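Novice: Quick note: the sequence shown uses our numbering, first residue 35, plus one each step. Could you have a look at this structure, given as structure tokens, before my questions?
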Amino acid sequence: MIKIKKLSNQGGFTLFELLAVMVIIGVLASIAVPSYKRSQIKARESVLAEDLFQMRRAIDAFYADNGAYPDSLGQLTDSKYLRAIPRDPFTRDTGSWECLPPEPADNGQLAEGGCYDVRSGSDLVGLKGVPYRDW
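Okay, here's the thing in structure tokens:
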């Protein structure tokens with residue numbers, strides 16, 4: 035004859051155990067979220083720096099080839115110096131870039147063209163305390 039052992043009342047987790055696990059998960063999440071947000075900002079700053087470098091390089095190449103600065107960033111794409119105008123990573127818009135005109139030379143003459151330099155249209159301040167428009 036086979037004896038069947040009666041199982042004792044085995045319940046699930048207690049309320050205290052569930053609350054302890056939830057507190058641990060909350061503490062870990064509160065540590066991870068700020069780090070994640072900071073890494074997102076750092077990634078956007080890297081993209082901004084690379085975009086500015088590439089656009090400034092294209093402006094310099096345009097000037098070297100044509101003897102004048104482009105009138106707009108669109109002229110760089112039309113002339114194939116850029117494939118497309120990149121999106122500003124902070125404003126998330128391609129039209130927010132600001133073109134700076136060339137400064138007058140010592141003799142008072144302005145260089146031709148209207149886009150000597152480019153900067154971000156964002157009003158935000160970077161992690162190092164420098165506004166993105168001053169990069």
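Glycine is no exception: its CB is placed at the ideal position from the N, C-alpha and C atoms. Just so you know, these numbers come straight off a predicted model, no measurement behind them.
1) Relative to the ligand NAD, is the shortest distance from any of its heavy atoms to the C-beta of Ile93 smaller than 7 Å?
2) Tell me, to the nearest whole angstrom, how far the beta carbon of Leu110 is from that of Trp169; I am working on the premise that it is less than 8 Å.
3) Would DSSP call Leu49 helix, strand or coil?
4) Which value, in whole angstroms, describes the spacing of the CA atoms of Leu107 and Ala54?
5) Use the C-beta contact count for Ala92: other C-beta atoms within 10 angstroms, 16 or more gives buried, fewer gives exposed.
6) Counting only beta-carbon separations shorter than 8 Å, does Asp105 have a partner in chain D?
Specialist: Taking the definition as stated:
1) With respect to the ligand NAD, the structure shown offers nothing to examine, as it has no ligands at all.
2) Taking the sequence shown and counting its residues from 1, the one referred to as residue 110 is at position 76. Taking the sequence shown and counting its residues from 1, the one referred to as residue 169 is at position 135. About 19 Å separates the beta carbons of Leu110 and Trp169, which is beyond the 8 Å limit, so they are not a contact pair.
3) Residue mapping note: residue 49 aligns to position 15 of the sequence shown, counting from 1. If DSSP states are grouped into helix, strand and coil, Leu49 belongs with the helices.
4) Sequence index remark: in the sequence shown, residue 107 carries index 73 (1-based). Sequence index remark: in the sequence shown, residue 54 carries index 20 (1-based). So the alpha carbons of these two residues sit roughly 57 Å apart.
5) As a working mapping, residue 92 is identified with position 58 in the sequence shown. The residue in question, Ala92, is buried, as its Cβ has 16 or more Cβ neighbours within 10 Å.
6) Chain labels in this structure do not include chain D; a single protein chain is all it has.
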